[in-house]
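K.L.:
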Amino acid sequence: MGRLIVASNREPYDIEFRENKLKLHKTVGGLVSALEPIIKSLGGVWVCWGRKGQRIPEVFEVNENFLIKFVPLSEKTISNYYYGFSNKTLWPLCHMFLSRTKFEKAYWTSYRMVNMRFANAILEMYRSGDTVMVNDYHLSLVPNIMRDKGFKGKIFFFWHIPFPSYCIYRFLPWGKEIIEGFLGADVIGFHTQEYVDNFLDCVDRLTDAVIQGNNIKWKGREIKVKAVPIGIDAERWQRDASSKNTLKAVKKMRRELNVEFIGLSVDRLDYTKGLKEKLLSIDRFFDKYPSFRGRMSFIQVAVPSRTKIQEYSELKKEIDQIISTINGAFGEPGWVPIHYYYKGFPSSKLAIFYRLADFALITPIMDGLNLVAKEFVASQIDNRGALILSKFAGASWQLKGGAILVNPFDTEKTADSIYKALKMGPEEKKKRMETMKKEVMEKDLKWWVQEFFEGLI
Ligand code: GDG
Numbered sequence: 193m194g195r196l197i198v199a200s201n202r203e204p205y206d207i208e209f210r211e212n213k214l215k216l217h218k219t220v221g222g223l224v225s226a227l228e229p230i231i232k233s234l235g236g237v238w239v240c241w242g243r244k245g246q247r248i249p250e251v252f253e254v255n256e257n258f259l260i261k262f263v264p265l266s267e268k269t270i271s272n273y274y275y276g277f278s279n280k281t282l283w284p285l286c287h288m289f290l291s292r293t294k295f296e297k298a299y300w301t302s303y304r305m306v307n308m309r310f311a312n313a314i315l316e317m318y319r320s321g322d323t324v325m326v327n328d329y330h331l332s333l334v335p336n337i338m339r340d341k342g343f344k345g346k347i348f349f350f351w352h353i354p355f356p357s358y359c360i361y362r363f364l365p366w367g368k369e370i371i372e373g374f375l376g377a378d379v380i381g382f383h384t385q386e387y388v389d390n391f392l393d394c395v396d397r398l399t400d401a402v403i404q405g406n407n408i409k410w411k412g413r414e415i416k417v418k419a420v421p422i423g424i425d426a427e428r429w430q431r432d433a434s435s436k437n438t439l440k441a442v443k444k445m446r447r448e449l450n451v452e453f454i455g456l457s458v459d460r461l462d463y464t465k466g467l468k469e470k471l472l473s474i475d476r477f478f479d480k481y482p483s484f485r486g487r488m489s490f491i492q493v494a495v496p497s498r499t500k501i502q503e504y505s506e507l508k509k510e511i512d513q514i515i516s517t518i519n520g521a522f523g524e525p526g527w528v529p530i531h532y533y534y535k536g537f538p539s540s541k542l543a544i545f546y547r548l549a550d551f552a553l554i555t556p557i558m559d560g561l562n563l564v565a566k567e568f569v570a571s572q573i574d575n576r577g578a579l580i581l582s583k584f585a586g587a588s589w590q591l592k593g594g595a596i597l598v599n600p601f602d603t604e605k606t607a608d609s610i611y612k613a614l615k616m617g618p619e620e621k622k623k624r625m626e627t628m629k630k631e632v633m634e635k636d637l638k639w640w641v642q643e644f645f646e647g648l649i
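Counting from 1, position 166 in the sequence shown corresponds to residue 358 in this note's numbering; the numbering is continuous, with no gaps.
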């Protein structure tokens, strides 16, 4: 069994030099948690751009078994490849925000160059028998660049965001090359069958590949396309949510907040996450159901993201304003309608929030999956919480048996869903939560690794 080589835009650790000592801090997200133990046991390499890697050698040893290979990028390249093509072209296009999508030749040129550099870095680190896993929309061209260079090993490619239908995708001037980029892989994974179907339709319309069911034949190779929604380390979330410290902190917070009901959401501050629409629903809720004024507070954690992009900083201003308007209009001495945090928290603190909340309101306009919804479910040790979830989050396919599903643009019905969640009896809550928990616990991170890598690692 060879090693695992993972390529992703983001590094697995923030590496910090303090008093001449190296400190590794795991970066936020499921991928590192899923793959780190595998790399540690099988050995392997993580190939990434490494935002904070300037002072670090290009190959960094986490231990003798686990290397990080950095692909250092200049400021201009970061601006065109990362902020440009990845986050102003592919991100909005795939989330169906066509009017926000920028089609710039310079972005594309830089994206191609960076994908070429990642492919070269993987090939440089590769040893016969290794398995390669390429991640996400930043690196879609890598698999086929590697094939063009004669690579014969196994490549897995996972796309973490939605894949749009052809009627949206066709606007991308470089759409064919990107689809062909995917086709260099042996296994391509998406979160839902809907994204698989959209992808296959684009393959059919844009390339000469032959499609049979979920399989593709192209240039003498067979490619499998699969819907394998990523799982979370559900046991760890359960452990964190039931620890003594968590329970103590939950009690303390309940006392401090001094309300009967607490709602929660945790989102990167991104226009796809539907923060504005959610806040309007909360506003409508307090307006329509005045008996809950003074009795329900909502905690919104908005994690700073892509702050160098103007639209993101403008969005932040709008969110700040809406929240202060709601708090100004409804708040009273001793009661704050919305507690707002614009920062990240350690995951142990998230577990406290998850355990504390009576309901979570997770309403993205479009989301590949949404891990927060699954983390909230796993943390419901006593099945008290209710989940209100957007129909347009990939996770809704898995959680529809227990979640209250909403269209985030339907302010009225979303406000009514908050009311429904607060009025729901303990039996119904329990039944719904158990249904969701079964899915989240069974299809956890281990399941995902098994399914996606087909038992190969
Ligand atoms: C992309 C796709 C897909 C959040 N705040 C803090 C924190 N988090 C962690 C959560 C969760 C993760 O970040 C966020 O994951 P999401 O799935 O909600 O969203 P994206 O970042 O947009 O992820 C998405 C995902 O990829 C996986 O394929 O589900 O659809 O858009 O794990 O817990 N973690 C810590 N502090 C925070 O303040 N430590």
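All C-beta atoms, glycine included, are put in the ideal place defined by N, C-alpha and C.
So residue 236 is in the beta strand (DSSP E); what residue range does that whole segment cover?
P.N.:
Here the beta strand (DSSP E) through residue 236 covers 236–240.
K.L.:
CB of residue 563 to nearest heavy atom of ligand 1: below 7 Å?
P.N.:
Yes - ligand 1 has a heavy atom lying nearer than 7 Å to the Cβ of residue 563.
K.L.:
Closer than 7 Å to a non-hydrogen atom of ligand 1 - does that hold for the CB of residue 460?
P.N.:
Yes; taking the cut-off as 7 Å, the Cβ of residue 460 has a heavy atom of ligand 1 nearer than that.
K.L.:
Would you call the segment 486–502 in contact with the segment 527–546, where contact means no fewer than 3 C-beta pairs closer than 8 Å?
P.N.:
Touching, yes, given that three or more Cβ pairs across the two stretches are closer than 8 Å.
K.L.:
When the Cα atoms are used, what is the spatial distance from residue 445 to residue 394?
P.N.:
Between residue 445 and residue 394, the C-alpha separation is close to 50 Å.
K.L.:
May I ask whether a heavy atom of ligand 1 can be found less than 7 Å away from the beta carbon of residue 356?
P.N.:
Because no heavy atom of ligand 1 lies under 7 Å away, the Cβ of residue 356 does not count as near it: no.
K.L.:
Kindly indicate which three-state DSSP category residue 261 falls into: helix, strand or coil?
P.N.:
Three-state DSSP puts residue 261 in a strand.
K.L.:
What distance in whole Å lies between the Cβ atoms of residue 479 and residue 467, which are believed to be in contact at a cut-off of 8 Å?
P.N.:
Actually they are not in contact, since the Cβ atoms of residue 467 and residue 479 sit about 19 Å apart, beyond 8 Å.
K.L.:
Are the segment 618–631 and the segment 568–587 in contact at 8 Å, needing three or more beta carbon pairs?
P.N.:
Result yes; three or more Cβ-Cβ pairs closer than 8 Å.
K.L.:
Pick out the complete beta strand (DSSP E) segments inside the segment 489–565, 3 residues or longer, and give them in chain order.
P.N.:
Counting whole runs of 3 or more residues, the segment 489–565 contains the beta strand (DSSP E) stretches 530–533 and 551–554.
K.L.:
Helix, strand or coil: which one does DSSP assign to residue 253?
P.N.:
Correct three-state label for residue 253: strand.
K.L.:
I believe residue 343 touches residue 326 by the beta-carbon criterion, under 8 Å. Please report the beta-carbon distance rounded to the nearest angstrom.
P.N.:
In fact, because the Cβ distance is near 12 Å, the residues do not count as touching under 8 Å.
K.L.:
Going by the beta-carbon positions, is the gap between residue 455 and residue 610 smaller than 8 Å?
P.N.:
A contact, by the Cβ cut-off of 8 Å.
K.L.:
Residue 523: beta carbon under 7 Å from a heavy atom of ligand 1?
P.N.:
Every heavy atom of ligand 1 is 7 Å or more from the Cβ of residue 523, so no.
K.L.:
How close, in whole Å, do the beta carbons of residue 236 and residue 258 come, if the pair is a contact with beta carbons under 8 Å?
P.N.:
So it is a contact: roughly 6 Å between Cβ atoms.
K.L.:
Apart from the five residues on each side of it in sequence, which residues of its chain come closer than 7 Å, Cβ to Cβ, to residue 296?
P.N.:
Answer for residue 296: 276, listed in chain order.
K.L.:
Three-state secondary structure (DSSP) at residue 406?
P.N.:
In this structure, residue 406 counts as coil in the three-state DSSP scheme.
K.L.:
Taking the alpha carbon of residue 280 as the point to measure from, which residue in 368, 579, 267 and 329 has its own alpha carbon closest?
P.N.:
Considering only alpha carbons, the answer is 329.
K.L.:
Got a sec? Which residues, its chain only, sit under 6 Å from residue 441 by beta carbon, not counting five neighbours each side?
P.N.:
Only 544 meet the Cβ criterion.
K.L.:
Any idea what DSSP makes of residue 355, helix, strand or coil?
P.N.:
Of the three classes helix, strand and coil, the one that applies to residue 355 here is coil, per DSSP.
K.L.:
Taking the C-alpha atoms as reference points, what is the distance between residue 269 and residue 202?
P.N.:
Roughly 15 Å separates the two Cα atoms.
K.L.:
Do the segment 504–517 and the segment 408–427 meet, that is, are 3 or more Cβ pairs less than 8 Å apart?
P.N.:
Too few Cβ pairs lie closer than 8 Å, so no.
K.L.:
Would you mind sorting residue 195 into buried or exposed? The rule is 16 or more other CB atoms within 10 Å of its CB.
P.N.:
Buried, by the Cβ-count rule.
K.L.:
Identify whether residue 570 lies in helix, strand or coil by the three-state DSSP scheme.
P.N.:
Residue 570: helix per DSSP, three-state reduction.
K.L.:
Say the cut is 7 Å; is the CB of residue 503 nearer than that to a heavy atom of ligand 1?
P.N.:
Checking every heavy atom of ligand 1 against the Cβ of residue 503, none is found closer than 7 Å.
K.L.:
If I measure Cβ to Cβ from residue 518 and keep anything under 8 Å in the same chain, skipping five residues before and after, which residues do I get?
P.N.:
Closer than 8 Å at Cβ, skipping near neighbours: 471, 474, 475, 478, 529 and 530.
K.L.:
DSSP on residue 378, reduced to helix/strand/coil?
P.N.:
Residue 378: coil per DSSP, three-state reduction.
K.L.:
How far does the beta strand (DSSP E) with residue 290 in it extend, from its first residue to its last?
P.N.:
First-last for residue 290: undefined, no H or E at that position.
K.L.:
Would you say the beta carbon of residue 539 comes nearer than 7 Å to a heavy atom of ligand 1?
P.N.:
Yes, since a heavy atom of ligand 1 falls inside the 7 Å radius drawn around the Cβ of residue 539.
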